[in-house]
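Enquirer: A single structure is presented below for examination.
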Amino acid sequence: MYLLCDMAEDLDGAAARVREALNLPAANKPPHEQSQKRYGLNIGGGHYYLFDVLGIELCFCKNAGEVAIEEDPRWSYYLCIHSEGDFSDLFRQTEKHMNIAGIATKLLNVA
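Positions 22 to 132 (this note's numbering) are the ones given, in order, by the sequence shown.
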């Protein structure tokens, strides 16, 4: 499942808005890598953010066309979870908080 986000900011500015909308800390806690900004050639076209929240890895990245989803200019970023389990309720709550913060979103269920 993915939460597509319509945001005009660059990656750093968009991540700051997500952090504020979801009340996320500015750094991950040890033993995880504290820096949330990461680099990976196969995610988001390069840089992305990985927020560790309650042991759940929430990935925020540029929608640059990935294996699971196609690039769509209407949805410049997306959130996904890199942890096993059913997080559909969490995605719905996340969508609600993002919308309250003025961030347009669309849930995408990819099997």
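In this text, a Cβ means the ideal position worked out from N, Cα and C, and glycines have one as well.
(1) Would you kindly work out how many angstroms separate the C-alpha atoms of residue 92 and residue 127, rounded to a whole number?
(2) With 16 as the cutoff for other CB atoms within 10 Å, does residue 75 come out buried or exposed?
(3) Do residue 70 and residue 32 have their C-beta atoms within less than 9 Å of each other?
(4) Rounded to whole angstroms, what is the Cα-Cα separation between residue 106 and residue 117?
(5) Under the rule that 16 or more other beta-carbon atoms within 10 Å means buried, what is residue 58, buried or exposed?
(6) For residue 93, which three-state DSSP category applies?
(7) Under the rule that 16 or more other beta-carbon atoms within 10 Å means buried, what is residue 84, buried or exposed?
(8) Of all the alpha helix (DSSP H) runs that stay within the bounds of the region 91 to 126, which reach a length of 4 or more residues?
(9) When you compare each of 49, 22, 81 and 29 to residue 64 by their alpha carbons, which one comes out closest?
(10) Determine the burial state of residue 36: buried for a count of at least 16 other Cβ atoms within 10 Å of its Cβ, exposed for fewer.
(11) Let's test the definition: count the other Cβ atoms within 10 Å of the Cβ of residue 60 and tell me whether it reaches 16, buried, or not, exposed.
Expert: Working from what's here:
(1) Counting from one through the sequence shown, the residue named residue 92 turns up at place 71. Counting from one through the sequence shown, the residue named residue 127 turns up at place 106. When rounded, the distance between both Cα atoms is 14 Å.
(2) If you number the sequence shown from 1, residue 75 lands on position 54. Answer is exposed; the Cβ neighbour count stays below 16.
(3) Position 49 of the sequence shown, counted from the first residue, corresponds to residue 70. Position 11 of the sequence shown, counted from the first residue, corresponds to residue 32. The answer is yes: Cβ separation under 9 Å.
(4) Residue 106 sits at position 85 when you count from the first residue of the sequence shown. Residue 117 sits at position 96 when you count from the first residue of the sequence shown. For residue 106 and residue 117, the distance between alpha carbons rounds to 20 Å.
(5) Here residue 58 corresponds to residue number 37 of the sequence shown, with the count starting at 1. Classification for residue 58: exposed.
(6) Mapped onto the sequence shown, residue 93 falls at position 72. The three-state secondary structure of residue 93, taken from DSSP, is coil.
(7) The residue labelled residue 84 in the question sits at position 63 within the sequence shown. Result: buried.
(8) 109 to 121
(9) Within the sequence shown, numbered from 1, the residue matching residue 64 stands at position 43. Answer by Cα proximity: 81.
(10) Sequence index remark: in the sequence shown, residue 36 carries index 15 (1-based). Per the 10 Å Cβ criterion, buried.
(11) Locating residue 60 in the sequence shown gives position 39, counting from the first residue. Under this definition residue 60 is an exposed residue.
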